[in-house]
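**Q**
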Amino acid sequence: MDTNKDKNMNATDTTPATIVPNGTFTLTNPVSGGYRTFRVRTWNKECRFCNGKGETAGRTCNKCDGTGKDRARVIELLAGPSNESDYQGFGFIDDRGVRVWARLKGTQFDALARCFWSAMTGRMQGSIEIQEARSCLRCNRKLTTPESIARGIGPECASKGW
Ligand SMILES: [Zn+2]
Ligand SMILES: [Zn+2]
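Under the numbering used here, the first residue of the sequence shown carries the number -12, and numbering increases by one thereafter.
Have a look at this one:
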């Protein structure tokens, strides 16, 4: 299948059918208890081929189908205290896998990319637990730690007896 063609045809869809959908996922190693939170999203950056105009020299830009937006999907790692904003992008993701950005090759992101892809495509069944982020039932804040996702309530609300 010509995936590039498909991508272009679906350029206006916000949620094209994909192996790994956009979302925030926490992966836990049940043996060590260690976990990492990843976010997959559509970039929506300005298309660099038409500078966001949607056309070049009077013709519809064929890189973005005239949307002016770069619809590539990126994978990011939660790397700070805020699970809303502290994400570090490290690669592109599509139905063929994760491609770590060149400047990050040879770093921890190679292994993280491999682990994420294997887990999300079902090749690590039992050895990695996957949880999708959810919202706190009381305050609606985003929950990304394994404990909070399982409980459905964040630590602050839980400490208040919820
Ligand atoms: Zn363009
Ligand atoms: Zn809460």
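Backbone N, C-alpha and C define an ideal beta-carbon position, used for all residues, glycine too.
#1: Could you tell me which whole beta strand (DSSP E) segments of length 3 or greater appear in the stretch -6 to 74?
#2: For ligand 1, I want to know if glycine 45 counts as a neighbour, meaning its beta carbon is within less than 7 Å of at least one of the ligand's heavy atoms.
#3: Hey, which residues come within less than 5 Å of ligand 1, measuring from Cβ to any heavy atom, in chain order?
#4: So what's isoleucine 136 in DSSP terms, helix, strand or just coil?
#5: Under the criterion of a Cβ to heavy atom distance below 7 Å, does glutamate 134 qualify as lining ligand 2?
#6: Applying the 10 Å Cβ sphere with the 16-neighbour rule, what's the burial state of threonine 108?
#7: CB valine 7 to CB isoleucine 80, shorter than 8 Å?
#8: Taking just the CA atoms, how far does glutamate 134 sit from alanine 100?
#9: Pick helix, strand or coil for aspartate 82, following the three-state DSSP scheme.
#10: Beta carbon of asparagine 38: closer than 7 Å to some heavy atom of ligand 3?
#11: What three-state label does DSSP hand glutamine 112 in the structure shown?
#12: Would you kindly report the start and end of the unbroken alpha helix (DSSP H) that includes alanine 120?
#13: Can you list, in chain order, the residues of its chain whose CB lies under 7 Å from that of threonine 29, leaving out five sequence neighbours each side?
#14: May I ask which residues mark the beginning and end of the alpha helix (DSSP H) holding tryptophan 104?
#15: Roughly how many angstroms separate the alpha carbons of cysteine 144 and asparagine 127, rounded to a whole number?
#16: For glycine 141, which residues in the same chain have their Cβ closer than 6 Å to its Cβ, ignoring the five residues on either side in sequence?
**A** Based on what the coordinates show:
#1: 10 to 15, 22 to 29, 60 to 65
#2: no
#3: Cys34, Phe36, Cys37, Cys48, Lys50, Cys51
#4: helix
#5: no
#6: exposed
#7: yes
#8: 23 Å
#9: coil
#10: Here the bound small molecules are ligand 1 and ligand 2; ligand 3 is not part of this structure.
#11: coil
#12: Careful: alanine 120 lies outside any alpha helix (DSSP H) and carries neither H nor E.
#13: Asn9, Arg58, Arg60
#14: 95 to 107
#15: 10 Å
#16: Cys123, Arg128, Leu130, Ser135
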